[in-house]
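Notes for the one structure printed next.
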Amino acid sequence: MKRKALLIAVLAMVLVGGLMATAAEYVPGTPLKVGFIYVGPVGDYGWSHAHDVARQILVNEFPWLTTVYVESVPEGDAGPTIDKLVNDEHCNVILTTSFGFMDGTDEAALKYPDVIFAHCSGFKREPNLATYMADFYQIYYLNGLMAGALTKTGKVAYVGAFPIPEVKRHLDAFAIGVREANPNAEIHVRWIEDWFNPAAAKEATEALIAEGCDAFAFTEDSPTVVQVAGESGLISFAHYSPMYKFSPEYCVSGELVHWETIYEDFLQKVYDGVYTAHNLQNVDYWWLLEQGAVEMGAETGMPINPAYVDKLKAAVVDHPTLGKISAYDLVETRLNQMGDPGITFDPFQGPIYDRKGNLQVPEGMWMSVDSLITMEWAVQGVVGPWPGEP
Amino acid sequence: MGWESWFISTFSRALAYGTPLLLGTLGEIYAERSGVLNLGIEGMMIMGAYSAFVTAYTTGNPWLGVLVAGAVGGAFSIIHAFATITLKANQVVSGLALTMLGIGLAGVLGRKWVGLPLFSSLHKVTIPGLSAIPIIGPGFFKGQTLLVYLTMLLVPIMWYILFHTRIGITIRAVGEDPATADSLGVNVTRVRYLCVIVGGVLAGVAGAYLSLSYRPAWTEGMTGGMGWIVIALTIFAFWNPLYGLLGSYLFAALYHLSYRLQTWVSPELLKAMPYAFAIIILVIVSRGTLHKRMGAPAALTLPYTRGEQ
Amino acid sequence: MHAPSWLCIERRPLPSGRTILTVSVIAIVAAFVVAGIFFALFGVPPIEAYGTILRGALGSWHGFAETLRRAIPLLLIGVGLTVAFRALFWNIGADGQLLLGTAAATWVALFSGLHGPIVIPAMFVAGFIAGALWGLIPAVLKAKLGINDVITTLMMNYIAMYLIMWLIHGPWKGPTMRGFAYTDKFPPAAQIPTIAGTHVHWPTLVLGLVLAVAAYVLVNRTKMGFEIRVVGENPHAARFAGISQLKTTLVVMLISGGLAGLAGVGEVAGVHMRLLDPNQISMGYGYTAIIVAWLARKNPLAVIITALFFGILMAGGDVIKVSLQLPFQLIDVFNGLIMFFLIGSELLMHYKISLRRR
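Protein chains in written order, with our numbering: chain A, 1 to 390; chain B, 391 to 699; chain C, 700 to 1057.
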């Protein structure tokens, strides 16, 4: 009799021990701990900085939320870092904020089926792994309208990071905007082959200035292009973080991101039990202007530099469908068309020909999200190197 | 745009990007000529960049920033000098450790200075008269800061000192054969200390140029490996300030061109161009008899102790 | 250096192992004390900081696995560097040679058409050859044209970096990667097995340990090793003895470059499973390994210990990032301080300082 009791006790302990060994699944309505993994330093004033700004907004907003973040995590370290966050820090949710973390996050999601994961800018999902992205292409299009209207030399510039679909998409949207406001303008491109490299950005910008460009947009995680263009009295469009203060005279507008809109939505749903570690297979945020995940401007709440409002109102565009319209009104119109629920305009609506003359988007069609995130071609008007051009 | 604009922009960018390279190289030339290899330049540059930015931001005076940066670079180099000259530690490792320390320290201290624009940066000047000369005028004399020209002036001064004065002979003797120099009454330790400090000061000023003029802001890691290029350029210059000027501006020009030429050649391969060029030029030059006269100081990296062979 | 009269400084010809160890430990403790000040400034009691680091890097199996993962490339490269340094060849180019190793491994894994158990050995062989060849170029330039090895190896690092970038953006970009600059994932046959639940690719570790022993034997017990040591310690004597400086230089660079190439294979096929941005792969291992090799006093066997030590430091850095939420740059400050104290302790090791009795 005693032996049997002992056996049952041991079995019970093993069972309980086994249940406890797995990471406990989150109970909705209880305090939530979220771990953020950044690929760069929060001081980069670019990509990682923006995610951290969002994180701080969340902490102030949700009393039930605690966060922990790890910065400058190399791509190969995603797995071990997640291990620490799950095992040592007991995070319920892990957010990995760079494409390069995809494999590591995916493996970790399979390893820890009770932990919730979300991966930014990736495409692999699991029952406990969602994906999310806030994309700028609409904003770049609007910036392009302004650049095209304001350029005096007819040459607009774009300093690109890496020739990957994400940057190409933004570049093409910018170019489409430029050509819509100024059908003869050229968009000159240079690649710096880095996400963060102020010296390279500086030299690329100087090279483009030497070619006669007088309006600048870019993808690089520092305000270098804004500063360099401003020093030569040339206009620019900020990227990612508020860079107006780096050149108040010459920074006309830009792209701003609000990751907190996505995070608020996602984490609230986790807290409410709507999203669990079992139903994320099809959760993919592709949030744009309409959801408020991105904003036009070089400073929050300032879509256009006040010093340029009059110039934009004075610049008249002979528009194929809207007639004679000031650049300012054109930007307003498009902003509303894309920002209001029930989007009625997309920069990539057909017909669109690439710069080799091929029809990429037929008339009356819009580009699907899938084709947007894999696009490699260059639109007409783009001048310069285009690695990987199909 | 015609070939004139190519020349002008290339000259102009060569001066702009080449100045911090040149400052660092001049300093390292002196240090190495006295026999001390200083691989800690990157750390000194970035501490210089940081301290210059903070000084200029808080006081509104960029030239004060330059001075502070020089002092900071010099102070850092004293650590290296102490370790390698007095304590006779391995120079390679000491330099690497200093680089690690400098970058880490600047990163930690600089955290709250990121993303702040600097409006009291070094002003750009245009030299009247000279800048009107066709092509060369706008290429060399327009839109650079005073620091660029000061650096250019330093070159013949430092060259002259090194090759035509007693001080220079002393420095070179200490670097070639410290034992003999010692026996002739030269204070080897003092000479080496001074040269290393000169190297540190100039490295700090190079960093100041980066954060006060080239790109007026502070970002972590903003020197981006420039210290290593300086190490290479020192060798490339055959430890001679005049060739240091040539090498620095040439490298900077190639760096700029690698962006202009992107339309015709793949960007990644173009980025490798300045580095490949450096090796190719070395090969060409060394096939002649030149290299026999231009080797490294014989006692480079070797600590000196009296009474020891 | 003029010593005060009450201090007697004699040079110790060959410090004993015990001396080295004692002095090193004292130096590290001193560094810990100074670094503790930094931790305290950030609001973390030093004891807690060190406890966390040691616990994180050694206290748990997972932590120790991370330490091992970091130590593997340091071990391989460090062993190679001890051989090169013995011949006074300053190989600053280990990063570049590592990258060439990754390229070779990628080619074997994705483009060679090989299958099955032959793939992993083939990757290691290819990686060794690629790294060795990359190291050969500066070696030939030094031996034949007298071109300084520091500059050539350094430049080759950059060229290697842009070569990899060109590959992942161009001809080798993976069709499954939706335009991002990565190759496809290596097939399972090309993935180096890891210890279950960790990221420790043990075959590479075993290779490193074996090669450390082999390098020790080579340097200390073979004719080639003898020649290497003579070239390093007394180049004039070497020339009189008829030892070919050219041959020696080439051999050490082949070994050093090849070992760095092996490290590259390990990283790309054991950790990342695809070729990616070079800065994400090499992580400065080539430079850290210089310090690893130096700390080991050019003894390939001692590299096993020093590589482990640095593995602890690097893994510890990750721990303070996560657990203590401290700025990650602090670990660089910490490592730099440790290096400095160890460097400073060199003096104590080679010189016996005692009070002179009147």
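Each residue gets a CB set at the ideal place from its N, CA and C atoms; glycine is no exception.
Taking the continuous beta strand (DSSP E) assigned at residue i, which residues delimit it?
i	result
K324(A)	323-326
M375(A)	Per DSSP, M375(A) belongs to no beta strand (DSSP E) and is neither H nor E.
H319(A)	316-319
T96(A)	93-96
L592(B)	Taken as a continuous stretch (DSSP letters only), L592(B) belongs to no beta strand (DSSP E), being part of the alpha helix (DSSP H) at 578-599.
On the criterion of 16 or more Cβ atoms from any shown chain inside 10 Å, does residue i qualify as buried, or is it exposed?
i	result
A842(C)	buried
T22(A)	Model confidence at T22(A) stands at a pLDDT of 47, short of 50, so the residue's coordinates are unreliable; what they give is reported in the following sentence. Looking at its Cβ environment, which holds fewer than 16 other Cβ atoms inside 10 Å, T22(A) is exposed.
E363(A)	exposed
F174(A)	buried
I139(A)	buried
D848(C)	buried
M612(B)	buried
R556(B)	exposed
H51(A)	buried
Can you check whether the CB of residue j is closer than 8 Å to the CB of residue i?
i	j	result
Y271(A)	G35(A)	no
L411(B)	I669(B)	no
V503(B)	F466(B)	At residue 503(B) the sequence reads Trp, which differs from the Val that was named. No, they are not a contact pair.
I192(A)	A200(A)	yes
L280(A)	L129(A)	yes
A459(B)	V673(B)	no
G494(B)	G590(B)	no
A859(C)	L799(C)	yes
G815(C)	A888(C)	yes
I776(C)	L753(C)	no
L413(B)	E1045(C)	no
K1020(C)	F1027(C)	yes
A185(A)	H646(B)	no
R179(A)	G342(A)	no
T219(A)	K202(A)	no
Quickly, what does DSSP pair residue i with across the bridge? List them, please.
i	result
S236(A)	F216(A), C251(A)
F136(A)	According to DSSP, which records beta bridges pairwise, F136(A) is partnered with nothing at all.
Q534(B)	V515(B)
T67(A)	V34(A)
R190(A)	V159(A)
M302(A)	E299(A)
D354(A)	V379(A)
I116(A)	V93(A)
A130(A)	A118(A)
V361(A)	I352(A)
V294(A)	V257(A)
Short of 8 Å in beta carbon distance, which residues of its chain neighbour residue i, apart from the five on each side in sequence? Order them along the chain.
i	result
G230(A)	S236, F246, S247, E249, Y250, C251
S232(A)	I209
N305(A)	Y244, P248, C251, V252, S253, A298
D883(C)	L809, G873, P874, T875, M876, R973
M616(B)	P410, L411, G414, E432, M435, A596, L600
I'd like the span of the alpha helix (DSSP H) that includes residue i, first residue to last.
i	result
V991(C)	984-994
D284(A)	Here D284(A) belongs to no alpha helix (DSSP H); instead the beta strand (DSSP E) covers 284-287.
F939(C)	934-939
L844(C)	818-844
Q944(C)	944-965
A729(C)	716-740
W396(B)	393-423
Quick one: what's got a C-beta closer than 6 Å to residue i's C-beta in the same chain, skipping five residues either side?
i	result
W195(A)	A161, D221
F101(A)	A78
A803(C)	A825, G826, A829
Note down, in chain order, each residue of its chain lying with its Cβ closer than 7 Å to the Cβ of residue i, except the 5 sequence neighbours on either side.
i	result
I954(C)	G779, V782
D318(A)	K324
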